[in-house]
Amino acid sequence: MDGKKILVTGATGQVAGPVAKALAEHNEVWALGRFGTPGSEAELSRHGITTFRWDMDDTAPGSLKGLPKDFTHVIHSAVRRGEDGDFNTAVEVNTVAAGRLMTHCRTAEAFLYVSTGALYARQTLDHAYREDDPVDGVAEWLPVYPVAKLATEGAVRAFARTLGLPTVIARLNIAYGPGGYGGVPMVYFKRMLAGEPIPVPIEGQNWCSLLHTDDLIEQVPLLWQAAGVPAVLTNWGGDEPVGITDMLHHLEEITGVEAKLVPSEVTRETYQFDPTLRRRLTGPCKVDWREGIRRTVELMYPSTSSTERLKH
1 MDGKKILVTG ATGQVAGPVA KALAEHNEVW ALGRFGTPGS EAELSRHGIT
51 TFRWDMDDTA PGSLKGLPKD FTHVIHSAVR RGEDGDFNTA VEVNTVAAGR
101 LMTHCRTAEA FLYVSTGALY ARQTLDHAYR EDDPVDGVAE WLPVYPVAKL
151 ATEGAVRAFA RTLGLPTVIA RLNIAYGPGG YGGVPMVYFK RMLAGEPIPV
201 PIEGQNWCSL LHTDDLIEQV PLLWQAAGVP AVLTNWGGDE PVGITDMLHH
251 LEEITGVEAK LVPSEVTRET YQFDPTLRRR LTGPCKVDWR EGIRRTVELM
301 YPSTSSTERL KH
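Residue numbers (the UniProt record's numbering): 1 to 312.
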């Protein structure tokens, strides 16, 4: 992708950050955000990305004043997750922000909204969720988050039709890789390093569809190509079903660090996707999850990787 003018929200995060930096090599990229983490704005600037301060909580008209309107492509990944438990504020902030952003960039060639698979109505642990499966927005681990995402999907669909803006809604699974905090696999690995217990289902295991950063970066332009009116909806995860317990055992194998698994009735729920539609839009993924996790560990925790241990 070359010569485009691209707007990114959530560019300091695990998903949009690597995308923004990769696209900035051959395109003009702007990043919107509060940049509250020290050094985050400077880091983006070092990659040639233009930053523009914008707080999603500022719902007043004119909050985007001064931002150019001639962007060709937009990826909207920023979110108010609702850790404070305030459903109404999270819904208000996320929906209004998406609507204002889409209206501001109404002449764009394509708009990508990053949603979540956590809004699907929970079925069996190994169910492969399709885009037409029922949703309920229930997630005990962070109750507000899927509700806000589901509400924002509705707003995005409405603005796509109203504005005639080609749009794709991508329900993200678990993105991981050496950028940012490493994603959920590295969250679990930090717990392993700390010797903390990790709850797992009493019977069976949770399943997911891990998506490596390399595949995520490659697929964003392809998702933009698939955008349409009405908005196109797709799951966004890896091709392979991955058992969380299997993933933890793989981490044990490549690092020598024990995973203290504790059977529990309450675990962090994950969702496995049926990748059929996404594969039709983007083609297959290229990074095997075992290889991807190994590479991530080697880059983020080099002293614990199997490669490093074999040297001693």
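Beta carbons: idealized from backbone N, C-alpha and C, even for Gly.
| query | result |
| --- | --- |
| Burial state of P302 (16 or more Cβ within 10 Å) | exposed |
| Burial state of E25 (16 or more Cβ within 10 Å) | exposed |
| N-terminal and C-terminal residue of the beta strand (DSSP E) that N235 is part of | V232 to W236 |
| Which of helix, strand or coil DSSP assigns to V273 | Before going further, note that residue 273 is Phe rather than Val in the sequence given. Note: F273 maps to strand in three-state DSSP. |
| DSSP three-state assignment for residue 313, whether helix, strand or coil | Within the shown structure, residues of the chain are numbered from 1 to 312, placing residue 313 beyond reach of any answer. |
| Per-residue burial, Q123 [other beta carbons within 10 Å of its own, 16 or more giving buried] | exposed |
| Cβ contact check for the segment 69 to 77 and the segment 108 to 127: 3 or more pairs under 8 Å | yes |
| Whether P241 touches A128 by CB criterion (8 Å) | yes |
| Cβ distance (whole Å) where residue 371 is taken to contact L142 below 8 Å | Limits of the chain in this structure are 1 at one end and 312 at the other, which puts residue 371 out of reach. |
| Of the residues K190, P61 and L67, the one placed nearest T50, counting alpha carbons only | L67 |
| Cα-Cα separation, P275 to G237 | 7 Å |
| Three-state secondary structure assigned by DSSP to F87 | helix |
| Same chain, Cβ closer than 8 Å to T116, neighbours up to 5 away in sequence not counted | Y145, P146, K149, R171 and L172 |
| Length of the line joining the Cα atoms of E253 and N94 | 41 Å |
| Own chain, CB closer than 7 Å to V155, minus 5 neighbours either side, in chain order | For the record, residue 155 in the displayed sequence is Ala; it is not Val. Contacts found: T95, A98 and G99. |
| The segment 7 to 21 in contact with the segment 32 to 51 per 3-pair CB rule at 8 Å | yes |
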